[in-house]
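Sequential numbering from 77 applies to the sequence shown in our numbering. All remarks here apply to the structure that follows.
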Amino acid sequence: MLGNLLSSAVLSIIGVIAYSLFGISFVAGMVFSVSGFDILTIASYMTMAVIIPASAFYFATISYSLVVSGSYAMVSEVVWRNMFKFSTYFRHGFRLLRKTIQQLTLLCLFYVPVTLLLFIFFPYHIETGVNNQILLYGSLSLVSLLVFLVTLALLYAPVILITEERGPWQSIKDSFHLFTKRFGTVLRSAAWLLAFFFLYPIALLPGGVLMIMGEENEILTIIGMLVFIVTVLVITLLLPFLQIAFQVSIVRWYKLQLRSFIVDNDADPGPWGEQNTYGLMDPESLKQTPTQGS
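In structure tokens, the structure reads:
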């Protein structure tokens, strides 16, 4: 939970710094170009405008991947052993970091086609001037549905990557296998996640309504803005708790309902089982585990 909270703060800070530096570099480049600076000076500032956000994205990816690998390793320990150690988060988080980064990169590629649809729909509505609300909402609904289905298909990829010690691509294939063969079970496991998407805008609704009602009343507008800001802050503080709760429920659901469709051996004890099983077993526990024949 602490790692999720710190990661969220780090990602926010990196984002603010990156966008600020990008804006400064871009404006400086425009000013220098108007002032008659040579092309090399302009190119150097434009290069900074590309390198800085790219570097920020790189470090943000590493930070997020560490959170995913560390938190899922710790959650798997909770589910399989009914206990956890803070050292698990960092030890296995760093150990599995490379695989998690590779998988995160692959997962992002699956959202590229859906993102391209947005670049097709919105310019079409703007350029043609089509004022068809049904067509607009239908397009948004289609994109939202596709995003949800892709997310559902990839939902268990990080779980399988961490708990089964499988490769980035193989764990994605296994997640798709669960999606196609056990769609109902996968959908039920993500039902509360879908509920969160509905509850989030509902929670922001009071502040938005007050701001709309206060178009001619400054007091209502200020109250609405305060309510909106406080709601966003509360939700932001609750996000680490919600993420941990989500991960625990997903890993537990995977262990009880879905793992048998991925692991052929029914006697396989899992990542925190007997000696030499996968890579998550605590070295201290391995020393205490008696070997066969002793």
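We put the beta carbon where it would ideally sit given N, CA and C, even for glycine.
ask   = First and last residue of the alpha helix (DSSP H) that includes L183?
value = L173 to F186
ask   = Three or more beta-carbon pairs under 8 Å between the stretch 144-161 and the stretch 233-246, yes or no?
value = yes
inquiry  = Using 8 Å for Cβ pairs, my map puts Y148 next to Q323. What's the rounded Cβ distance?
reply    = 6 Å
request  = Report yes or no: do the stretch 148-157 and the stretch 186-200 share at least 3 C-beta pairs separated by less than 8 Å?
outcome  = no
request  = Given a cut-off of 7 Å, decide if M289 and L296 are closer than it, judged by their beta-carbon atoms.
outcome  = yes
task = Work out the CA separation of Y276 and F255 for me, nearest whole Å.
result = 26 Å
inquiry  = Using the three-state DSSP reduction, which class does V250 fall into: helix, strand or coil?
reply    = Residue identity differs from the one stated: residue 250 is Asp in this sequence, not Val. If DSSP states are grouped into helix, strand and coil, D250 belongs with the helices.
message = Please state whether the Cβ-Cβ distance between P41 and S152 is less than 7 Å.
response = Only positions 77 to 370 of the chain appear in this structure, which leaves residue 41 out of reach.
Beta-carbon separation (whole angstroms), A233 vs L185, contact threshold 8 Å = That pair is no contact at about 12 Å.
query = Which residue's Cα is closest to the Cα of R231: F252, Q178, M301 and V306?
reply = Sequence inspection shows Leu at residue 231; the Arg mentioned does not correspond to that position. L231 has its Cα closest to that of F252, out of F252, Q178, M301 and V306.
Burial state of S265, where buried means 16 or more other Cβ atoms lie within 10 Å = buried
ask   = For K161, which of helix, strand or coil comes out of DSSP?
value = coil
request  = Have a look at V308 and L314 and give me their C-alpha separation to the nearest angstrom.
outcome  = 10 Å
query = On the three-state DSSP scale, how would you describe R242?
reply = coil
inquiry  = Which same chain residues end up closer than 8 Å to F337 when comparing Cβ atoms and leaving out the 5 residues on each side of it in sequence?
reply    = H253, L254, K257 and R258
query = Does DSSP classify Y232 as helix, strand or coil?
reply = coil
ask   = Can you tell me the Cα-Cα spacing of W245 and R174, whole angstroms?
value = 13 Å
request  = Could you name the residues of the same chain whose beta carbon sits closer than 8 Å to that of V371, not counting the 5 residues immediately before and after it, in chain order?
outcome  = Because the chain here runs from 77 to 370, residue 371 falls outside it and cannot be looked at.
inquiry  = Using 7 Å as the threshold, is the C-beta distance between T137 and M150 below it?
reply    = no
inquiry  = I'd like to know whether the C-beta atoms of S215 and F197 end up nearer to each other than 7 Å.
reply    = yes
ask   = By DSSP, does I338 sit in helix, in strand, or in coil?
value = coil
task = Take F179 as the anchor and find which of W268, D340, D250 and I305 has the nearest alpha-carbon.
result = Residue identity differs from the one stated: residue 179 is Gln in this sequence, not Phe. Here the closest residue by C-alpha is D250.
request  = In angstroms with no decimal places, state the Cα-to-Cα distance between Q319 and I326.
outcome  = 10 Å
Reference F133; option with closest CA among F166, R167 and I177 = I177
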